[in-house]
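Taken in order, these protein sequences are the chains called A and B. Quick note: the first sequence uses this note's numbering, first residue 3, plus one each step. Quick note: the second sequence uses this note's numbering, first residue 46, plus one each step.
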Amino acid sequence: MNPDWINGLVGGALIGAAAALLLLANGRIAGISGILGGLLEPSPRDVWVERALFVLGLAAAPLVYMTLFGPKSIEIARDPALLAAGGLLVGFGSRLGSGCTSGHGVCGAARLSARSIAALCTFMTTAVITVWLVRHF
Amino acid sequence: MRKLVSFLSGLIFGLGLMISDMVNPARVLAFLDLAAIPAGAWDPTLIFVMGGAMIVSAAAWAVAARRREAALGGPIPAPRQGIDWRLLTGSAIFGVGWGLVGICPGPAIVGMAVGGAPSLLFVAAMIAGMIVYRLFDAALARRAAA
Chain A
3 MNPDWINGLV
13 GGALIGAAAA
23 LLLLANGRIA
33 GISGILGGLL
43 EPSPRDVWVE
53 RALFVLGLAA
63 APLVYMTLFG
73 PKSIEIARDP
83 ALLAAGGLLV
93 GFGSRLGSGC
103 TSGHGVCGAA
113 RLSARSIAAL
123 CTFMTTAVIT
133 VWLVRHF
Chain B
46 MRKLVSFLSG
56 LIFGLGLMIS
66 DMVNPARVLA
76 FLDLAAIPAG
86 AWDPTLIFVM
96 GGAMIVSAAA
106 WAVAARRREA
116 ALGGPIPAPR
126 QGIDWRLLTG
136 SAIFGVGWGL
146 VGICPGPAIV
156 GMAVGGAPSL
166 LFVAAMIAGM
176 IVYRLFDAAL
186 ARRAAA
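Here you go:
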């Protein structure tokens, strides 16, 4: 098993490569909340299909990973109320704010967009405060 | 071809989230828990993931800056301007949700195959939140038009 930071760097580079591919080939931003949210809105058929295929690729990734590297498990909250509240806030907030960790972080901040840097600083701050309140009070 | 690129980009993105373990909410929460730094229990992995992703992404933007069009057609998207209440309020709300469970939209989709029922519930709620946003946005537009 590689040290965590090497896996992080390699995985991160792959995420960046995926964003680079989508940008340079298709002229699209790899922002997951925008792509997913776009599926819920009226759009030209071709655009909708491209978005759906991106989401399908994301959903299929664990199957490819586990075929190559073996089983993987994650540690996730069990409380349904907490999961529902978190999901609602993530969905609503990322759409109102026009992006999440991928669109504003990986894509926008990397092009030094002032909007994306402001968004990144804002959600990092509220996320850190939330974890602090939940874990230490 | 554009469709194949879309699928491959999603697949590579998802593999990156699996390999880096960012699909694992416990890992993300361990990064966001800055209060764990003094005890030595803080997990900095997310910084390496973000760093690795942003270096490659910044290189792509440098290439894109010298092109007018994407390889398979369509313009290179221009950056949007203006920091407004929507950007800041939305990002603040998103951050609270992210901090509550440790899942943002990419890992939510990737996590469906490995996280069982809790992952599916989170994704359902996230999509519901996006639908609520559409209704909210439409209500704001109606009020502005009235």
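Where is the CB? At the ideal position from N, CA and C, for every residue including glycine.
Does the Cβ-Cβ distance between L91 (chain A) and V73 (chain B) come in under 7 Å?
-> Here residue 91 (chain A) refers to the residue found at position 89 of the first sequence. Here residue 73 (chain B) refers to the residue found at position 28 of the second sequence. For L91 (chain A) and V73 (chain B), no; Cβs fall outside 7 Å.
For A191 (chain B) versus M171 (chain B), is the C-beta distance shorter than 7 Å?
-> The sequence position of residue 191 (chain B) within the second sequence is 146, counting from 1. The sequence position of residue 171 (chain B) within the second sequence is 126, counting from 1. Contact flag unset, no.
Can you have a look at F58 (chain B) and say buried or exposed, based on whether 16 or more other CB atoms are within 10 angstroms of its CB?
-> By 1-based counting over the second sequence, the position of residue 58 (chain B) is 13. Flag for F58 (chain B) reads buried.
Can you tell me which of the three DSSP states C109 (chain A) falls into?
-> Translated into positions along the first sequence, residue 109 (chain A) becomes position 107. C109 (chain A) falls in the helix class under three-state DSSP.
Beta-bridge partners of E43 (chain A), as assigned by DSSP | On the first sequence, position 41 is the one that residue 43 (chain A) refers to. Beta-bridge pairing links E43 (chain A) to no other residue.
Between the segment 102-122 of chain B and the segment 117-134 of chain A, do three or more beta carbon pairs fall short of 8 Å?
-> no
Can the beta-carbon of I37 (chain A) be found less than 7 Å from the beta-carbon of F56 (chain A)?
-> For this step, residue 37 (chain A) is matched to residue 35 along the first sequence. For this step, residue 56 (chain A) is matched to residue 54 along the first sequence. Yes, these two residues count as a Cβ contact at 7 Å.
Taking all protein chains shown into account, decide if L114 (chain A) is buried (16 or more other Cβ within 10 angstroms of its Cβ) or exposed.
-> By one-based count along the first sequence, residue 114 (chain A) stands at place 112. Exposed: under 16 other Cβ atoms inside 10 Å.
Hey, is L185 (chain B)'s beta-carbon within less than 7 Å of any beta-carbon in chain A?
-> As a first step, residue 185 (chain B) is located in the second sequence; it is residue number 140 there, counting from the start. It does not: the Cβ of L185 (chain B) has no partner Cβ on chain A nearer than 7 Å.
Can you list, in chain order, the residues of its chain whose CB lies under 7 Å from that of R30 (chain A), leaving out five sequence neighbours each side?
-> Residue numbering aside, residue 30 (chain A) sits at position 28 when the first sequence is read from its first letter. L24.
Do you know offhand how far C108 (chain A)'s Cα is from A184 (chain B)'s?
-> Translated into the one-based positions of the first sequence, residue 108 (chain A) becomes position 106. Translated into the one-based positions of the second sequence, residue 184 (chain B) becomes position 139. According to the sequence displayed, residue 108 (chain A) carries Val and not Cys. Cα to Cα, the separation comes out at about 31 Å.
Does the beta carbon of M3 (chain A) come closer than 7 Å to any beta carbon on chain B?
-> Residue 3 (chain A) sits at position 1 when you count from the first residue of the first sequence. The predicted position of M3 (chain A) is uncertain, since its pLDDT is 48 and thus under 50; no value can be drawn from it.
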